[in-house]
Amino acid sequence: METKSKTQKKQRPTLPNIDSFTHVRGQSLFVDDMTLQEGTLHAAIIGSTIAHGYITQIDYAEAEKLAGVIKIFTANDIRGENQIGGIIPDEPLFAEKDIHFWGQPIGMIIAESDFIARKARSLVKIQYEELPVITTAKEAKDKGQFVAGSRTFQLGDCEQAFKNCEYIFEGETFSNGQEHLYLETQGAYAVPMENGNIKITSSTQGPTAVQRTAARVLGIPMHKIEVEVIRLGGGFGGKEDQATPWAVMAALATQVLNQPVKLVLNRHDDLHMTGKRHPYESSFKIGLNKELKIMAYQAEFLQNAGAAADLSPAIAERTLFHSTNAYFVPNVQTSVYQCKTNLPPNTAFRGFGGPQGMYVIESAIALAAREIGVPAHRIQEINLLQEGDEFSYGQIAKQVEAQNSWQKAKQSYQLQKLEEEVAAFNKQNDQLKKGLALMPIAFGISFTNTRMNHARALVHIYEDGSVGISTAAVEMGQGVNTKMLQIASEQFGLPLHKVKLEPTNTTRVANTSPSAASATADLNGKALQRACKVLKARLCLAASQHLNIDASDAEFHNEQVLIKDKPLSLDWYQLVTEALNQRICLSENSHYATPEIHFDKGEEKGHPFAYHVYGTAIITCTLDCIRGRYNIDAVQIVHDYGQSMNEGIDLGQVEGGLAQGIGWMTMEEIAYGADGRLHSNALSTYKVPDLFSTPDILDTIALDSLGHEMAIKKSKAVGEPPLMYGIGVYFAIQNAISAFNPKYTPQFNSPMTPEKALMSLYEK
Amino acid sequence: MITFLLNNELIETEQKAGMTLLDFVRYNRRKKGSKIGCREGDCGACTVLVGTLQQDGQVSYRSITSCISPLGNANGKHIVTIEGTNLDGKLSRAQQAMYDNYATQCGFCTPGFVVSLTGYCLRETIPTKEGILDAISGNICRCTGYKSIERAAEQLYQELLLPSSNGRQSHLIAKGFIPEYFATIPERLAKIKDNDAPRGKETPVAGGTDLYVRHADRLTEEAVSLFQAQHLGGITIKNGLCTIGAGVTATEFMEHPDMNLAFPNLRQHLLLLSSEPIRNMASLAGNFVNASPIGDMSIFFLALDAQLQIENKEGKQRVLPFRSFYKTYKVYDLQEGEFIRSFSFKLPTAAQHFNFEKVCKRQHLDIASVNSAALITLEDDRIADIHCALGGVAAIPLYLEKTCQFLKGSDISPKSIAAANDVLQSEISPISDVRGSADYKRLLARQLFFAHFLQHFPNQVSLSALTS
Ligand SMILES: Cc1cc2nc3c(=O)[nH]c(=O)nc-3n(C[C@H](O)[C@H](O)[C@H](O)COP(=O)(O)OP(=O)(O)OC[C@H]3O[C@@H](n4cnc5c(N)ncnc54)[C@H](O)[C@@H]3O)c2cc1C
Ligand code: FES
Ligand code: FES
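Protein chains in written order, with the numbering used here: chain A, 1 to 764; chain B, 1 to 468.
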């Protein structure tokens with residue numbers, strides 16, 4: 001076995017992840033770790049065992065008889081509305097009669113223990129009348145089944161442009177879904193407070209979504225529900241909207257029984273009952289001129305939305321935003337159909353539809369390159385975005401780093417030499433073949449729904465000078481807690497242990513957007529910066545007053561207050577005391593809303609993104625042509641962090657995102673039966689990358705870019721973009737297959753499992 | 001009563017032996033550091049260490065996944081959870097390495113990694129870079145992409161290389177790899193009487209790695225009987241005949257010096273079997289009786305033409321060729337009350353060539369799409385004898401009766417091997433499932449069959465000659 005720890009250590013020492021200390025000691029708290037209150041009850045969800053049809057009869061008698069069973073909940077127990085749809089109200093909490101996907105919640109058993117609840121569940125007898133099941137987007141489209149209307153983006157005139165193209169190619173692609181596989185399953189703990197108020201601790205990326213939906217279902221105002229999030233054991237989009245039903249169910253049981261209720265899904269239920277990354281069936285038409293410039297690009301995306309809208313409309317939109325990836329194409333026409341099928345409602349997943357869009361244009365380029373007989377990277381390079389280019393949605397590309405990152409990658413990693421090595425290797429070996437591919441990315445940062453781009457931060461300076469911070473940011477591993485702490489401790493010039501980050505809570509910071517779209521640190525960080533600045537200004541005023549000087553531009557360092565680098569006679573702590581003596585408010589709640597952005601959905605034009613993140617990856621892999629197994633030799637990246645505010649954390653996002661991208665493109669294969677039942681329903685049948693599936697060498701060089709004013713401390717958002725480097729792995733393996741089998745006709749059908757690789761190697 | 005040490009504490013419990021160790025630790029003892037990611041042994045979030053007192057008075061530590069381990073198997077052992085590795089007010093070396101390298105993101109997988117790494121520190125006298133990575137081969141992380149964890153492992157490895165002064169354990173304590181109380185464990189374990197965990201009469205469990213994945217809820221309520229407690233261990237060699245006790249784990253087999261002499265590639269082969277914590281629990285006979293058509297050890301020992309020693313309740317023994325053990329899907333020749341005591345096989349000689357192949361979606365910690373093993377005996381460049389087994393292509397782990405017969409006396413040439421493949425294809429009947437389509441499995445069966453020859457006879461056959 002080869003050792004795989006050749007990764008170079010490049011990061012500068014930066015602030016360690018502040019949550020790490022309790023993580024490594026096993027002392028961090030997740031929902032399932034909370035100390036339970038006396039009388040806590042446990043829940044198990046009854047899920048449908050058909051994918052489409054209606055319930056004809058349910059027999060709860062035996063389950064109810066089981067000792068320890070408290071109550072079985074159904075839609076009839078809901079006091080408010082049986083509705084959890086976020087964007088479109090099309091999804092009940094509990095099915096009443098109609099069933100639209102396998103695993104759809106029908107009811108909930110509340111029992112004294114989780115063991116009893118599960119046992120009771122196995123005693124419930126349900127009869128169904130089955131209806132035909134649709135599992136593919138194509139079939140849904142043919143039958144006119146959609147969760148929402150189609151969308152089309154247009155730039156220039158494709159029809160006209162194709163007439164003048166030297167080369168035109170058409171093709172079809174499929175990219176499979178992807179299970180989030182957050183290591184902590186979905187869960188919530190609801191506790192009754194007085195007066196019918198309920199406190200929910202939820203593993204959610206969207207505390208406000210939980211609060212809003214719980215209020216709707218329970219039929220009570222939002223202020224009666226407090227949602228708290230300590231941290232998530234991974235989210236990746238899977239807990240943006242889909243953490244909600246479980247929290248609402250726990251709250252519902254608490255409302256009715258007036259007892260604490262804990263609901264943590266086991267892995268099987270989680271896999272069966274929750275949605276995943278959307279599978280896409282797409283078709284494209286690409287036209288190039290003699291110089292290999294892409295003159296026209298058309299694509300039709302069939303998004304497999306599943307049984308309800310969930311976040312599909314927003315995800316479909318992002319597919320269109322990213323359908324030309326990091327390239328400038330003067331004539332573009334892209335459409336997306338949101339197809340309604342009998343799968344669990346598919347949902348957000350890191351990249352949010354962007355990766356699916358990019359995969360199609362990369363496929364189109366790969367096909368064109370093969371047919372024309374040039375390396376794909378020639379076409380990629382010629383078409384990279386330039387300053388001032390227009391995206392198909394009207395935004396003008398500014399501070400473009402596409403060329404910079406590409407050229408830097410080519411030079412730093414010696415692309416030409418790599419290519420020669422691959423060619424030489426392939427000449428010498430008949431059992432092993434190498435493949436190489438490049439993957440540039442351009443990813444827009446902001447919620448594409450403009451109204452969601454805002455956040456607030458609440459900062460208290462306590463009378464002893466210690467500081468407490470609340471924001472809307474949810475910590476799920478992305479390190480946002482550390483970044484927030486960095487901002488506050490820097491602003492106030494305080495050591496880290498004097499600043500505390502509070503759990504995210506809807507009573508401290510209300511009406512929030514979920515932690516998603518890579519924008520959490522930007523939005524919340526900017527709000528936090530503002531709050532700190534306001535408080536500093538007040539402290540300066542207090543200092544001026546007290547010392548009778550002008551301290552309005554005093555600075556805060558090392559627990560000191562400085563004017564022109566000279567400390568005042570008051571240190572931080574004394575100044576805090578003095579400010580309180582002067583009855584000055586040392587709490588501040590600040591608001592930030594991203595400026596400039598807008599988007600007109602009628603015209604499908606606007607300026608939806610604060611900025612874009614760029615980068616380029618070079619991927620090499622080796623394919624075992626006896627067994628169809630492959631190894632990723634190296635992924636060498638130049639990434640545009642802007643001015644990274646924490647390289648340790650940001651590098652972690654690049655490496656972690658890449659691994660998920662690799663998984664999506666290689667081994668992660670979601671399999672549904674024709675009856676809509678999930679076959680890849682355990683970790684033994686759904687494989688995510690392990691230690692040995694990562695590249696032998698993973699180098700990341702930071703592109704020396706200016707960053708962006710709208711990025712917090714000019715440190716660009718980093719959560720989602722790196723996932724898309726993984727797309728290049730598909731094409732690297734494809735190139736290795738072609739090196740072995742000249743008869744291979746490339747198919748764009750991801751993931752490239754060892755099965756597909758082997759079948760392709762021996763395709764005749 | 002089940003008696004054991006949990007971290008620094010003596011546990012005497014009347015809980016049922018069939019309860020999982022994880023549930024006991026988390027919900028009974030409220031040690032919440034061990035996390036639940038899957039309850040199937042597939043993620044490592046629940047990893048704990050099991051310390052066993054050796055004859056030399058030392059305690060040997062192994063990692064296991066507590067979610068599929070019966071509480072009864074903890075009897076007489078030292079169980080170490082993440083909490084049991086914590087030092088007062090500062091981080092242990094493994095923890096520090098994870099901390100320094102940003103190797104934690106959401107933190108949910110982290111305790112499992114730390115426990116696995118600590119186990120490696122405790123066990124390994126000659127650390128290697130490969131070994132320390134194998135130690136975390138059963139731990140899945142969805143956030144980090146592993147590179148930061150590799151850097152942490154590298155840092156820890158470097159620290160382990162530093163020369164140790166006095167005794168190894170006191171060195172580990174002095175340098176902060178483990179807490180001080182570990183020094184007291186051997187003595188305290190010795191005091192626990194070998195009272196044998198309660199033996200029920202229901203389901204017999206060995207490692208539990210197969211049973212608990214399928215039947216944890218049922219077993220939780222049972223006083224299962226535990227094979228491990230019955231001392232079915234031991235590997236002995238007599239006149240070239242090797243006998244292996246049914247309770248021998250995959251790890252024991254893989255690390256046995258004589259086995260490594262007999263099978264020079266044993267380590268590479270066995271590393272394809274599940275992950276380190278699973279190998280630490282999984283018994284070889286459990287793999288046979290699991291009767292999965294793709295059981296790796298079944299395929300391995302079918303190709304060695306092993307004989308099973310089967311015993312009934314009265315102690316009466318019979319011997320059965322492993323080849324005739326399997327009947328149809330999950331049906332095998334074991335009567336009510338019978339169990340496998342041991343099995344034996346002839347160690348390969350210099351004239352024999354053994355090879356094991358396995359392909360799955362993910363190379364490690366995955367179940368095979370197809371696996372195969374072959375033992376080829378050469379005489380004068382001809383195949384004097386061959387035993388070949390193929391998994392994933394029939395309802396049972398398949399011994400390739402006809403193909404082997406066909407090849408006896410044959411030369412090793414592309415033509416005869418390709419012709420043997422035709423026979424092989426007529427012997428198998430793969431079905432399409434989540435591990436691959438029937439067509440794929442047929443192709444893969446051919447390729448792995450070829451691989452045995454490509455591996456050992458590269459001068460006689462080449463890939464292009466075989467597949468053209
Ligand atoms: C995460 C994970 C990964 C795995 N990966 C692999 C893999 O890569 N390859 C593979 O082949 N398997 C794999 N397995 C399956 C399993 O680990 C093996 O089959 C293992 O060898 C079973 O041994 P055990 O001692 O744990 O069996 P147990 O679960 O204890 O028992 C299995 C069956 O054998 C019976 N049994 C046990 N011992 C005897 C005996 N002496 N006589 C009669 N009956 C007996 C039991 O009653 C039971 O029916 C994996 C399992 C897990 C959980
Ligand atoms: S919980 Fe996943 S291995 Fe135990
Ligand atoms: S840090 Fe989240 S799973 Fe590993």
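All C-beta atoms in this analysis are idealised placements derived from N, C-alpha and C, irrespective of residue type, glycine included.
Fair warning: this is a prediction, and the values are worked out from it, not measured in the lab.
Residue i - partner residues in DSSP beta bridges
{"i": "A299(A)", "result": "F284(A), T334(A)"}
{"i": "L172(B)", "result": "Its beta-bridge partners do not exist; DSSP assigns none."}
{"i": "S202(A)", "result": "A188(A)"}
{"i": "S750(A)", "result": "S175(A)"}
{"i": "C388(B)", "result": "A374(B)"}
{"i": "S715(A)", "result": "G642(A)"}
{"i": "R629(A)", "result": "D624(A)"}
{"i": "M439(A)", "result": "A617(A)"}
{"i": "K500(A)", "result": "G468(A)"}
Contact belief for residue i with residue j at Cβ below 8 Å, rounded distance in angstroms
{"i": "G33(B)", "j": "I82(B)", "result": "4 Å"}
{"i": "V393(B)", "j": "K330(B)", "result": "V393(B) to K330(B), Cβ: 16 Å. No contact."}
{"i": "Q653(A)", "j": "Q478(A)", "result": "6 Å"}
{"i": "Y189(A)", "j": "V31(A)", "result": "6 Å"}
{"i": "V474(A)", "j": "F492(A)", "result": "Wrong, their Cβ atoms sit about 23 Å apart, outside the cutoff."}
{"i": "L758(A)", "j": "G657(A)", "result": "That pair is no contact at about 28 Å."}
{"i": "E281(A)", "j": "F115(A)", "result": "Not a contact, Cβ separation roughly 42 Å."}
DSSP-derived helix/strand/coil call for residue i
{"i": "K10(A)", "result": "In this prediction, K10(A) has a pLDDT of 46, which is less than 50 and means its spatial position is unreliable; what the coordinates show is noted afterwards. K10(A) falls in the coil class under three-state DSSP."}
{"i": "L41(A)", "result": "strand"}
{"i": "N239(B)", "result": "coil"}
{"i": "L586(A)", "result": "coil"}
{"i": "H708(A)", "result": "coil"}
{"i": "C339(A)", "result": "strand"}
{"i": "S5(A)", "result": "The predicted position of S5(A) is uncertain, since its pLDDT is 36 and thus under 50; a value taken from the coordinates is nonetheless stated next. Note: S5(A) maps to coil in three-state DSSP."}
{"i": "I383(B)", "result": "strand"}
{"i": "I55(A)", "result": "strand"}
{"i": "N17(A)", "result": "coil"}
{"i": "G726(A)", "result": "helix"}
{"i": "Q636(A)", "result": "strand"}
{"i": "D571(A)", "result": "strand"}
{"i": "N75(B)", "result": "coil"}
{"i": "Q268(B)", "result": "helix"}
{"i": "Y99(B)", "result": "helix"}
{"i": "G444(A)", "result": "strand"}
{"i": "V248(A)", "result": "helix"}
{"i": "A351(B)", "result": "coil"}
Per-residue contacts from residue i into chain C (C-beta, under 8 Å)
{"i": "A451(B)", "result": "The structure shown contains no chain C; its protein chains are A and B."}
Runs of alpha helix (DSSP H) wholly within the segment 122-196 of chain A (minimum 4 residues, chain order):
Runs of alpha helix (DSSP H) with 4 or more residues, each lying fully within the segment 122-196 of chain A, are found at 137-142, 158-163, listed in chain order.
Does the structure place the segment 1-18 of chain B close enough to the segment 218-235 of chain B that three or more beta carbon pairs sit under 8 Å?
With the cut-off at 8 Å, the segment 218-235 of chain B and the segment 1-18 of chain B touch.
Per the contact definition of three or more C-beta pairs closer than 8 Å, is the segment 218-232 of chain A in contact with the segment 196-205 of chain A?
With the cut-off at 8 Å, the segment 196-205 of chain A and the segment 218-232 of chain A touch.
Taking one C-beta from the segment 695-712 of chain A and one from the segment 515-524 of chain A each time, how about it: are there three or more such pairs within less than 8 Å?
Result yes; three or more Cβ-Cβ pairs closer than 8 Å.
Any 3 or more C-beta pairs closer than 8 Å across the segment 141-148 of chain B and the segment 688-698 of chain A
The segment 141-148 of chain B, when compared against the segment 688-698 of chain A, does touch it at the 8 Å Cβ threshold.
Under 8 Å, with one C-beta from each stretch per pair, do the segment 406-417 of chain B and the segment 380-389 of chain B reach the 3-pair mark?
They touch, by the three-pair rule.
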